[in-house]
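**Q** Residues -24 to -1, 1 to 1125, numbered by mature numbering (1 follows the signal peptide of the UniProt record, and there is no 0), are exactly what the sequence shown covers, in order.
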Amino acid sequence: MHLVKNVIGWISCVLIICVYTTESSRESPIFSNHFAVHIPSGLESASIVAEKYGFDNLGQIGALKDYYLFEHKKLRKRSIQISDHHHEALSKDQRVHWFQQQHEKKRTKRDNIGIDSVYAEYPSFFQRYNQKSNLRDIKYDRLNNRGILPQNGFTDPLFKEQWYLNGGAKDGFDMNLKPAWQKGYTGKGVVISILDDGIQSNHPDLAMNYDHEASTDINDNDDDPMPRDNGDNKHGTRCAGEVAAVAFNEFCGVGVAYNSSIGGVRMLDGPVNDAVEARALGLNPEHIDIYSASWGPEDDGKTVDGPGPLARRAFIYGVTNGRQGRGSIFVWASGNGGRHTDSCNCDGYTNSIFTLSISSATQGGFKPWYLEECSSTLASTYSSGTPGNDKSITTVDMDASLREDHLCTVEHTGTSASAPLAAGIAALALEANPTLTWRDMQYLVVLTSRYSPLDKETGWNINGIKRRVSHKFGYGLMDAGAIVDLAEKWTNVPVQRICKSQEVNEDRQIESTYGYTLSVTMNVSGCENTLNEVRFLEHVQCKLSLRFFPRGNLRISLTSPMGTTSTLLFERPRDVLNSNFDDWPFLSVHFWGEKAEGQWTLEIINAGTRHVNSPGILKKWQLIFYGTASNPIRLRTRYSLLVPESEYHSIYYPLEAEHIEEAASQIVPSIMTYSGPNNSSATEKQSNEVGRDLMESLLSSQNHCENFRLNNKCVDRCPSRTFADSNNICRYCHESCDSCTESRPDSCLSCANEYKQVVDLGLCLAQCPDGYFEGSSGKKCIPCASNCATCINKPNYCLSCEHHLVLYKNKCYATCPIYTYQTTDHNCESCHISCETCKTSDENDCIKCRRGYYFLKGKCMKECPLGYYEDSDRRECISCPQNCAVCTAHACEKCNQDWIKDDSGICLPENFALCENFEFFAHNSCNKCHTTCKKCFGSSIDSCISCEKPLTLQSKRCIFTCQEGFYKAIKGYEYTCVPCLHTCALCDSKSNCTSCQKGLVLQSGECRSACSDGSRVVDYLISKESNRYFDLCCVAYYQDKDKCSKCYFSCKTCTGPKKNQCVTCPKGLFLIAGECQSRCPQNYFKTTYGCQKSSKMCRSSTVVDLLKKLTWCSTCDHPQFYPWRTRPTNTHGDRHRFSLSKSHVTILV
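(1) For D989, which residues in the same chain have their Cβ closer than 6 Å to its Cβ, ignoring the five residues on either side in sequence?
(2) Alpha carbon to alpha carbon, what distance is there between P180 and D375?
(3) From L507, R473, C804, L520, pick the residue whose C-alpha is nearest to that of L544; which is it?
(4) Would you report the Cα separation of R52 and V1011, rounded to the nearest angstrom?
(5) Which residues does DSSP list as the beta-bridge partners of R242?
(6) I'd like to check one pair, L420 with I474: are the Cβ atoms closer than 7 Å?
(7) For V252, which residues of its own chain have a beta-carbon under 6 Å away from its beta-carbon, when the five flanking residues on both sides are left out?
(8) Less than 7 Å between the C-beta atoms of C871 and C853, yes or no?
(9) Look at the Cβ atom of C694, then the Cβ atom of C706, and state whether they are nearer than 7 Å.
(10) Note down the Cα distance separating Y602 from T970, rounded to an integer number of angstroms.
(11) Suppose the cutoff is 7 Å on Cβ atoms and the five residues either side in sequence are ignored; what does the same chain contact list for Y845 look like?
(12) Leaving aside the five residues before and after H515 along the sequence, list all residues of the same chain whose C-beta is less than 7 Å from its C-beta, in chain order.
(13) What do you get for F1025, buried or exposed, if any count of 16 or more other CB atoms within 10 angstroms of its CB means buried?
(14) Would the beta-carbon of E547 fall within 7 Å of that of R527?
(15) Give the secondary structure of K925 by DSSP, where H, G and I count as helix, E and B as strand, and everything else as coil.
(16) Who are the Cβ neighbours of S536 in its own chain at under 7 Å, not counting the five residues just before and after it?
(17) So, for Y829: in the same chain, excluding its five sequence neighbours on each side, which residues have a beta-carbon less than 7 Å away from its beta-carbon?
(18) Using DSSP's beta-bridge definition, name the partner residues of S702.
(19) Using alpha carbons as the reference points, say which of C909, F894, T908 lies closest to C902.
(20) Taking all protein chains shown into account, decide if P133 is buried (16 or more other Cβ within 10 angstroms of its Cβ) or exposed.
(21) Quick check: what's the CA-CA separation for G301 versus V295?
(22) Which residues in the same chain as residue 1140 place their Cβ atom closer than 6 Å to its Cβ, once the five residues preceding and following it in sequence are excluded?
(23) Distance, Cα to Cα, G834 vs E819?
(24) How many angstroms separate the CA atom of L347 from the CA atom of A355?
(25) For V734, report the span of its alpha helix (DSSP H) as first-last.
(26) Between the C-alpha atoms of G341 and A393, what's the straight-line distance to the nearest angstrom?
(27) In whole angstroms, what is the alpha-carbon distance linking E924 and P591?
(28) How long is the line joining the alpha carbons of L553 and G277, rounded to whole angstroms?
(29) Could you please give the first and the last residue of the uninterrupted beta strand (DSSP E) stretch that includes N297?
(30) Please report how far the alpha carbon of I1048 lies from the alpha carbon of Q478, in whole angstroms.
(31) Relative to the C-alpha of P429, which residue among P1033, S1021, G35, G144 is closest?
(32) Tell me which same chain residues have a C-beta within less than 7 Å of the C-beta of C681, skipping the five on either side of it?
(33) What is the DSSP secondary structure of R511, reduced to helix, strand or coil?
(34) So L927 and F936 are in contact, right, with Cβ under 8 Å, and what is the actual spacing, rounded?
(35) Using the rule of at least 16 other Cβ atoms within 10 Å of the residue's Cβ for burial, across every protein chain shown, is I438 buried or exposed?
(36) Leaving out five residues before and five after T326 in sequence, what residues of the same chain have Cβ atoms less than 8 Å from its Cβ?
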């Protein structure tokens, strides 16, 4: 298999090189032959749908239930065109609720490049390998050099080169692994997966710890993550070696968690898209504890990018459902864009509350040249520095041939090398305390990371609770010994609260002057006395929408009520092509432990050196606070040595009187619930389940209950926050559920008081995610309308729109309405008062004039000047004929001086009648006209009044063909060239344009910017130079290159010809997944806002009371449930079927 992969990979590499050689500058998305589809009816239906349309169903996308990945082998794997045929087929199938043809996302590994000699600093060691010396001699010799006896230390030959593990950093610092190892914590029972280009599973320093259940190959769609052996796919294997290289052998060095289980996902050795990322992030979340990723969007100093909709769902699923509901641990490398002055806050993966964002420090304790500074970095580990001055990271290396001299490297680099070290330390903490949640892990990192090893680097600040924090290193260097000590004593933090401030929508100008600072403030209460109250902060997000060109000039900072200033964005000199941030959630961890209540100050500074032509605008901003309502630190007191409060005082407010009480007094070690540090968590879990089942079996035989049993007591029904299992035992729901079907967080029927039900995900969350709004009851998160990216109060009251749509008065359109134009940030602004349609608000940028105004030379005016007449149909000032001073649309009313009208209304010289055709009168005689003229007033070529056939008069000259912008027409008995309408580039009559001016498109012979019914048009790029978008096509049409084409017959407005490309629907039809339907499909119900998705357990819903805005289930999906209105009269007759009366009466908004 490995050989086949290498051959296929080599061929693929050649093909990809060819493609990129010719198409590297292409800006269009590159579509694949993979389709992500959402089919709620399950796997069997998905397979039937796939087979019907010629797809192969590759299975569920990671852990996302009912989301499947289809592949069509007859489609091109890379194309700039979508597959219209398959889009149409899937859109017509009622079983498909959503689909998306996948397109490539640019993702890069975060290691450094440019080091030519991998082993240059260590020739003696590798020379011995080449000479095939005795490995035992090498091992013993190196141990003697360290003064450590073989029986007391690591025998691995390169352990000495792992300076970051054995006191080899400046001043003797390291990652402080020795105390953790001495306690027996080596990662046993903890599973880590490296999301990368694969790992070499048969590497002699990894094979013993390799875990196939934590591995897969997404690129080749099989279970073997073995990388292609082409020299460019060593990254994942190197990262894996840092975590789990086997100790006490004769290969390389040791892993931080050298007894942990290690797996890998091969995903970067091929095209990456949203589905690829979601599959990787959602691989086997019940088995994998930690996901380590050392990649992200390009670190080029100008990209702002993050996870797509599937990957975002995978993150949410991971932290809510992974590790039996404790939450998956996601560790992320913060980025290597330092040389481009990039910011990791512009990376949506490291800028996420769900990830542990890890930066790097050099051997000397300084900032490495590649480091990105940002406020989302949580902590740092050691990595490479300046070649020749600082050593790099020692680990295993990829070599499919297993050549001894190629199995190890001492030159792993970048933040790529930092994230796996952090993942290994997190594994030790999980071994010390397997009950840690994903948020517990972040607390441990914040509280135990050390400032002192990195204190020589500038930029350290002291926050409001006296903790040192840096934009370079976060809270400092991770400390393995301290983190396992604290993990042993740790009890789970209280439930996460999310408090959102009001959104400030007032436009504020950002001046173009260098150094100008816009300062705005906001007073917040921290949602005091509500279920969302936050008194102890964790993460703080500042969600911004602004426009400033160039965007890279900006520096943005946020100051807390306790005086801590955190820079959310540093200047990015390379970010010169873009101007917008649209609802980008800048994250800071610098306020951890502070209070939310008080005045927050946002400052936006024009700090860059590039010239700014015009002011920018802060359009809106909002603060989102994550944290707890009660003190989060509650340590177990059964240990003999308590951690002094002063050591972890950072979470406590001054004068905080809350006592640290024992929160786990009921946790008593026993043979069933506690094991020593070397026992695996899997074994412990198995023992717990066996013990619990045995106890319940004994209780059941001794104390049989007629109905249900709760805590060894018989009850008539299971109370709130419990559910009945198949043995009629009342089990506790997940903490987020008030009623449920299982103990998992995605099995809630209704939510606990402090949670809100995300209707279409079946989850209960503390706050509604983007794309949802909070219902009037405050208990449900309802999806926004399909065209809204974010909304409030009701599904179609949009705050922002999906891509290619524009926002106007809180609705998303395919076009801006009449009298407005589309701005570069996809909003609509007013034209000049004289314009009906326009390019900008300037009076010189009118396209069509308002009624009562007339177009002339780019402006719309109330009256036309002398020499022009007013054409009400064209709304233009039309030039009078030659030598005519005053005219109408039909004839000249007054000629210029010395000119007279003939019978046809043409102005001629006064003495014209004295001469014949082809002559003119001058100097008391008749003279010859130019040879092209029939009638003239002079001898030059530009003195013609009329022409001989087949010539045509245009501007005093007789020509064979009218110039561009004119058409040939008969006036009287002769041909003349008449100007086209000013919107036409070419035409063949007054009412039939054949080509249009830039920014307009041809529709039924007209160049349109507005339609006869007053509606407006789809937005398309008019000028690559100005990057402006203008409105083009009328209702029921879409822009198709340089013309407008008809939408599908059921669409009112659209973005393409297909059935599923509707943007709005005619009255009486409902928009579902881009399609206008006459009725709501299965799992949806009809409301005044269109079709909304039913609750998870409902197959269909019915509106009960429009006044009260209530619905209930008509039919149910779950076999244990029946609709409330059709429940049996004897509810005890079938104790395993439950009414949905309370939890599934839906409140509409």
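The C-beta atom is built at its ideal place from N, Cα and C for all residues, glycine as well.
**A** The short version:
(1) For D989, the pLDDT reaches just 40, beneath the cut-off of 50, and the residue's location in the model is therefore unreliable, although a value from the coordinates is still provided. Correct list: empty, nothing qualifies.
(2) Rounded to whole angstroms, D375 and P180 show a C-alpha spacing of 11 Å.
(3) For L544, the nearest C-alpha among the options comes from L520.
(4) The straight-line gap from Cα to Cα measures roughly 33 Å.
(5) The partner list for R242 (beta bridge, DSSP) reads D172, D193.
(6) No, the pair does not count as a contact, with Cβ atoms beyond the cut-off.
(7) The beta carbon of V252 is closer than 6 Å to those of I194, M243 in its chain, skipping five residues each way along the sequence.
(8) Pairing C871 with C853 gives a Cβ-Cβ distance that is not under 7 Å.
(9) Here C694 is near C706, since their CB atoms are less than 7 Å apart.
(10) So the two alpha carbons sit approximately 59 Å from each other.
(11) Taken in chain order, the residues that qualify are I854, C856, C863, T864, A865.
(12) Result list for H515: I329, L563, V565, Y602, in chain order.
(13) The residue is exposed, with fewer than 16 neighbouring Cβ atoms inside 10 Å.
(14) In terms of Cβ geometry, E547 and R527 do not form a close pair [threshold 7 Å].
(15) The three-state reading of DSSP puts K925 in coil, since its state is none of H, G, I, E or B.
(16) Only G440, F567, E570, W576 meet the Cβ criterion.
(17) Same-chain partners within the cutoff: S810, C836, M837, K838, R851.
(18) Beta-bridge annotation (DSSP): S702 is not paired with any residue.
(19) For C902, the nearest C-alpha among the options comes from F894.
(20) Per the 10 Å Cβ criterion, buried.
(21) If you draw a straight line from the Cα of G301 to the Cα of V295, it comes to about 7 Å.
(22) The chain is shown only over -24 to 1125; residue 1140 falls outside these bounds and no answer can be derived.
(23) In a straight line, the C-alpha of G834 is about 8 Å away from that of E819.
(24) So the two alpha carbons sit approximately 13 Å from each other.
(25) It is not in any alpha helix (DSSP H) - V734 instead sits in the beta strand (DSSP E) that spans 732 to 734.
(26) Spanning the two alpha carbons is a distance of roughly 16 Å.
(27) E924 and P591 have their alpha carbons spaced roughly 59 Å apart.
(28) Rounded to the nearest angstrom, the two C-alpha atoms are 11 Å apart.
(29) First-last for N297: 285 to 297, but that is the alpha helix (DSSP H), not the beta strand (DSSP E).
(30) Q478 has its alpha-carbon roughly 31 Å from the corresponding atom of I1048.
(31) Closest by alpha carbon: G144.
(32) The answer, listed in chain order, is C690, N704.
(33) Per DSSP, reduced to three states, the secondary structure at R511 is coil, with no helix or strand assignment.
(34) Right, the Cβ-Cβ distance comes to about 6 Å (below 8 Å), so this counts as a contact.
(35) Per the 10 Å Cβ criterion, exposed.
(36) The residues are G272, W308, A309, S310, G311, C320, S333, C350, S352, T353.
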